[in-house]
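First up is the structure itself, then whatever we jot down about it.
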Amino acid sequence: MTETNSTPESVEAIAESSVEATPETVEAAPKSFADFGVRQDIVDALAAEGITSPFPIQAMTLPVALTGQDIIGQAKTGTGKTLGFGIPVIQRVVGRDDDGWGKLAHAGAPQALIVVPTRELAVQVGSDLATAAKTRNARVLTIYGGRAYEPQIEALEKGAEIIVGTPGRLIDLNRQHHLDLSQVKAVVLDEADEMLDLGFLPDVEKILSTVPKVRHTMLFSATMPGPVVAMARRYMSKPMHIRAAAPDEGTTKADIRQVIYRTHHLDKDEVVSRILQAEGRGKTIIFTRTKRTAAKVADELTNRGFAAAPLHGDLGQGAREQALRAFRNNKVDVLVATDVAARGIDVDDVTHVINYQCPEDEKTFLHRTGRTGRAGNKGTAVTFVDWDDVPRWRLIDKALELGVQEPQETYSSSAHLYTDLNIPEGTKGRLPKDKRTHAGLGAEKLEDLGGPDKSGRQPSGRSDAGQGRNRRGGSGSERDSEDSRGGSGRNRRRSNNRGGQGRSGEGRRGEGRRDQDGRRGDSNGSNQAQRDGRPHDHERKTENREATSASAAENSTTAPRDRSAEGAARRRRRRRRTTNGEVQSQEG
46 MTETNSTPES
56 VEAIAESSVE
66 ATPETVEAAP
76 KSFADFGVRQ
86 DIVDALAAEG
96 ITSPFPIQAM
106 TLPVALTGQD
116 IIGQAKTGTG
126 KTLGFGIPVI
136 QRVVGRDDDG
146 WGKLAHAGAP
156 QALIVVPTRE
166 LAVQVGSDLA
176 TAAKTRNARV
186 LTIYGGRAYE
196 PQIEALEKGA
206 EIIVGTPGRL
216 IDLNRQHHLD
226 LSQVKAVVLD
236 EADEMLDLGF
246 LPDVEKILST
256 VPKVRHTMLF
266 SATMPGPVVA
276 MARRYMSKPM
286 HIRAAAPDEG
296 TTKADIRQVI
306 YRTHHLDKDE
316 VVSRILQAEG
326 RGKTIIFTRT
336 KRTAAKVADE
346 LTNRGFAAAP
356 LHGDLGQGAR
366 EQALRAFRNN
376 KVDVLVATDV
386 AARGIDVDDV
396 THVINYQCPE
406 DEKTFLHRTG
416 RTGRAGNKGT
426 AVTFVDWDDV
436 PRWRLIDKAL
446 ELGVQEPQET
456 YSSSAHLYTD
466 LNIPEGTKGR
476 LPKDKRTHAG
486 LGAEKLEDLG
496 GPDKSGRQPS
506 GRSDAGQGRN
516 RRGGSGSERD
526 SEDSRGGSGR
536 NRRRSNNRGG
546 QGRSGEGRRG
556 EGRRDQDGRR
566 GDSNGSNQAQ
576 RDGRPHDHER
586 KTENREATSA
596 SAAENSTTAP
606 RDRSAEGAAR
616 RRRRRRRTTN
626 GEVQSQEG
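First residue of the sequence shown: 46, per the numbering used here; consecutive thereafter.
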């Protein structure tokens, strides 16, 4: 494969051909997966889950992917692209029941690798592929940071045909020689534009350099920024560009009703509490820009009687998975999430999305609102715009052509709020007790994953645990979890010294060590003091503190005089200090 560093202007510059999936082309496509030549055991596994007809992106991808041609798939989130690349991957690998199993060079080594940007997306993709492969006897293993290394290493030793993982943990295990990528014959890069946003493209290229050059490569992305196209040019061979289009392409999805309000930040909780009591409201995701806001809003809604759970980067992996399970299992029906943590959430029955804080740009707006109106369902997206965010909102509105340059000023008492969102008249800001039917977050078990959530220790290699460097919002930083346990070891040692548990000034040797105030001593000053026959500065400070403590003890009516050897030594040092002081005064 020829590699080049030149960057094409568009994906069409590197694609051998381009196909666009429109309602007309999909109408003529086969109506079942079996019509595409998909193995019957895979068709049966999908049918058992109620999946019988392909979505547009699947109908256009399967005929090409099943032949082994490289693909660049461009589709919005929620369009069903997972099975578009998952079915060809499952069909391509050799399972333990297949005739070719005994002919494999390394039976049990991974044959397919799927790289995703976030932990939540890894879990979702792994679950979808495991469902489709359950009658195929092809093992799917999900690898990502936040969990202990040992179970993942043991699973790799047992063998897995398909690996789904985040870049950081994949690189870690490969460097430690636990993950063998030498037998990989199919590679999928899912949500490549998100990996670009998170700074993962260098890691992805590092992974691609370790797999065989002769392979089947598929890249999927909602948008095609220049760096993603450049990577496709370097690592793909004559790919076909498949684009799932729709009548509302380039704007928001037609199945989502957009409601934009200009609200005051002090009234947002009241407005949200009323929206959550709208008739027909099901599962709801509330998006915030910061982790602190997500935690605050979740706590506030819980206090008001709603079954809410936070999802943000400051939570350990166990707590994040607990929140997602509780949301999917309907134990909580409100998920308060940040943008980074919410990437990869794939729940079809979300009826409402609330943008508690205005999105940063139109791409974030589409990502947030795309959590509802999925799989043919209808959805409602409500966006709050603060007064300070009006200029930002106007840019978003102009880019998406929503036609709402001036959002309507809205308060919790506004009459149009109730009529717009079908909220019963007289609804208050607290959920009545007779309507609190969900078990709540506490009803979902919090797993002990044995990883950084418990100890915070990072074995070796990267410290991002598959979630990127510290600059990416903290969602994957295991160093952050270490700092949150009360500070670094240096700070703990300082606190011990302040409490009188450190070594005394007399017991210290050498230069550059910290005194009990946490400041470095002046080595030149110490040497000069030695030549003058005077005690070191840090020794005098130590003795002064000890003398003060001793005087307080002697003057106290309750504390007896310390007659131990240590007390005698302290009194001798005090007398010596007094003598030295008199000598210095005379010299002065």
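Cβ coordinates follow ideal geometry from the N, Cα and C atoms, glycine included.
Beta-carbon spacing of residue i, residue j below 9 Å
{"i": "Ile-330", "j": "Arg-413", "result": "yes"}
{"i": "Pro-212", "j": "Phe-245", "result": "yes"}
{"i": "Gly-210", "j": "Val-160", "result": "yes"}
{"i": "Arg-319", "j": "Arg-181", "result": "no"}
{"i": "Phe-429", "j": "Asn-467", "result": "no"}
{"i": "Asp-442", "j": "Ile-305", "result": "yes"}
{"i": "Gly-118", "j": "Ile-102", "result": "yes"}
{"i": "Met-263", "j": "Ile-116", "result": "yes"}
{"i": "Arg-349", "j": "Asp-314", "result": "yes"}
{"i": "Ala-339", "j": "Ala-386", "result": "yes"}
{"i": "His-309", "j": "Asp-431", "result": "yes"}
{"i": "Ala-426", "j": "Arg-302", "result": "yes"}
{"i": "Val-392", "j": "Phe-410", "result": "no"}
{"i": "Ala-364", "j": "Val-381", "result": "no"}
{"i": "Phe-130", "j": "Asp-235", "result": "yes"}
{"i": "Thr-106", "j": "Leu-174", "result": "no"}
{"i": "Ala-237", "j": "Val-249", "result": "yes"}
{"i": "Leu-440", "j": "Asp-384", "result": "no"}
{"i": "Leu-369", "j": "Val-168", "result": "yes"}
{"i": "Ala-152", "j": "Ile-87", "result": "no"}
{"i": "Pro-397", "j": "Lys-473", "result": "This sequence places His at residue 397; Pro is not what is there. Not closer than 9 Å, so no."}
When the options are compared against residue i, the one with the closest alpha-carbon
{"i": "Phe-351", "options": "Ser-282, Lys-473, Arg-481 and Met-269", "result": "Arg-481"}
{"i": "Asp-359", "options": "Thr-335, Ala-323, Ala-104 and Lys-376", "result": "Thr-335"}
{"i": "Asn-219", "options": "Lys-203, Val-256 and Ala-193", "result": "Val-256"}
{"i": "Ala-200", "options": "Pro-162, Val-168 and Ala-154", "result": "Ala-154"}
{"i": "Leu-186", "options": "Ala-299, Ile-135 and Asn-374", "result": "Ile-135"}
{"i": "Gly-424", "options": "Asp-394, Leu-494 and Ser-459", "result": "Asp-394"}
Beta-bridge partners of residue i, as assigned by DSSP
{"i": "Ile-399", "result": "Ile-331 and Val-427"}
{"i": "Ala-188", "result": "Checking the sequence, you will find Ile at residue 188 rather than Ala. Its beta-bridge partners are Gly-210."}
{"i": "Phe-265", "result": "Gly-118"}
{"i": "Ile-216", "result": "Paired residue(s): none; Ile-216 is not in a bridge."}
{"i": "Tyr-306", "result": "Phe-429 and Gln-453"}
{"i": "Thr-383", "result": "Thr-333"}
{"i": "Ile-159", "result": "Val-209 and Val-233"}
For residue i, the first and last residue of its enclosing alpha helix (DSSP H)
{"i": "Thr-176", "result": "164-177"}
{"i": "Pro-355", "result": "Premise fails: Pro-355 lies in the beta strand (DSSP E), 353-356, not in any alpha helix (DSSP H)."}
{"i": "Leu-491", "result": "No alpha helix (DSSP H) contains Leu-491, which DSSP labels as neither H nor E."}
{"i": "Arg-137", "result": "126-137"}
{"i": "Ala-299", "result": "Where Ala-299 is concerned, there is no enclosing alpha helix (DSSP H), given that its DSSP letter is neither H nor E."}
{"i": "Ile-198", "result": "194-203"}
{"i": "Thr-255", "result": "Where Thr-255 is concerned, there is no enclosing alpha helix (DSSP H), given that its DSSP letter is neither H nor E."}
{"i": "Ser-459", "result": "That residue, Ser-459, is in no alpha helix (DSSP H); it is neither H nor E in DSSP."}
{"i": "Ala-90", "result": "85-93"}
{"i": "Ala-364", "result": "362-373"}
Residue span of the beta strand (DSSP E) that contains residue i, given as start and end
{"i": "Met-269", "result": "Run containing Met-269: none; DSSP gives neither H nor E here."}
{"i": "His-286", "result": "285-289"}
Nearest-angstrom Cα separation, counted from residue j out to residue i
{"i": "Arg-214", "j": "Leu-158", "result": "13 Å"}
{"i": "Pro-272", "j": "Glu-165", "result": "24 Å"}
{"i": "Val-170", "j": "Leu-91", "result": "15 Å"}
{"i": "Glu-599", "j": "Glu-489", "result": "Low confidence applies here, because Glu-599 scores a pLDDT of 49, under 50, leaving its location unreliable; read the following figure in that light. The alpha-carbon atoms of Glu-599 and Glu-489 are separated by roughly 59 Å."}
{"i": "Gly-521", "j": "Ala-267", "result": "Legend: pLDDT at Gly-521 = 39, less than 50; position of this residue unreliable, value from coordinates given subsequently. Their Cα atoms are separated by approximately 23 Å."}
{"i": "Glu-239", "j": "Val-316", "result": "32 Å"}
{"i": "Arg-616", "j": "Gly-191", "result": "55 Å"}
{"i": "Ile-287", "j": "Pro-452", "result": "37 Å"}
{"i": "Glu-94", "j": "Ala-79", "result": "15 Å"}
{"i": "Ala-444", "j": "Gln-450", "result": "11 Å"}
{"i": "Glu-206", "j": "Ser-77", "result": "26 Å"}
{"i": "Asp-242", "j": "Thr-333", "result": "18 Å"}
{"i": "Lys-283", "j": "Lys-148", "result": "30 Å"}
{"i": "Tyr-194", "j": "Arg-337", "result": "29 Å"}
{"i": "Lys-408", "j": "Val-109", "result": "29 Å"}
{"i": "Asp-225", "j": "Thr-455", "result": "57 Å"}
{"i": "Asp-434", "j": "Pro-196", "result": "46 Å"}
{"i": "Ile-208", "j": "Asp-89", "result": "23 Å"}
{"i": "Ser-98", "j": "Val-379", "result": "31 Å"}
{"i": "Arg-620", "j": "Ala-614", "result": "10 Å"}
{"i": "Leu-494", "j": "Gly-361", "result": "10 Å"}
{"i": "Ser-254", "j": "Ile-188", "result": "19 Å"}
{"i": "Arg-184", "j": "Lys-341", "result": "41 Å"}
{"i": "Met-285", "j": "Arg-279", "result": "15 Å"}
{"i": "His-483", "j": "Leu-321", "result": "14 Å"}
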